[in-house]
Amino acid sequence: MDLSLSTRTESGRSVVAVGGEIDVYTAPRLRDQLVELVDSGHYHIVVDMREVEFLDSTGLGVLVGGLKRVGQHDGSLRLVCNQERILKIFRITGLTKVFPIHETLEEAVAATEMS
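Take 10 as the starting number for the sequence shown in my numbering and just add one per residue.
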């Protein structure tokens, strides 16, 4: 399984739609996308993970790195995830306390607008 990435702007926020597997082989592509967004001045990012089928520790590390990067600019990184098997990874690692996780893209974008 490969990784699919697409980026768009919605309500002034950068939305990165991710599909497939985020693992040791594909995570660098996601990292590069997040770095490119921040380097070009996009500090409020929503990562839409509804189509992610697998996430490993490398993928988690990329997301944490993205959160730190936007944080240096008083930005935000919110996740959209509604799959129990992926949400379980965030709960087990304690990252539900670090990332705002939303069930829908609309919720994430609305929350970003409020913050």
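We put the beta carbon where it would ideally sit given N, CA and C, even for glycine.
Item, Value
"Within 8 Å, do at least three Cβ pairs link the region 73-82 to the region 10-24?", "no"
"For G29, which three-state DSSP category applies?", "strand"
"Does chain D have any CB closer than 7 Å to the CB of T105?", "The structure shown contains no chain D; it is built from a single protein chain."
"Please return the same chain residues whose Cβ sits closer than 8 Å to the Cβ of G74, not counting the five positions on each side in sequence.", "R40, L43"
"Give the secondary structure of F99 by DSSP, where H, G and I count as helix, E and B as strand, and everything else as coil.", "helix"
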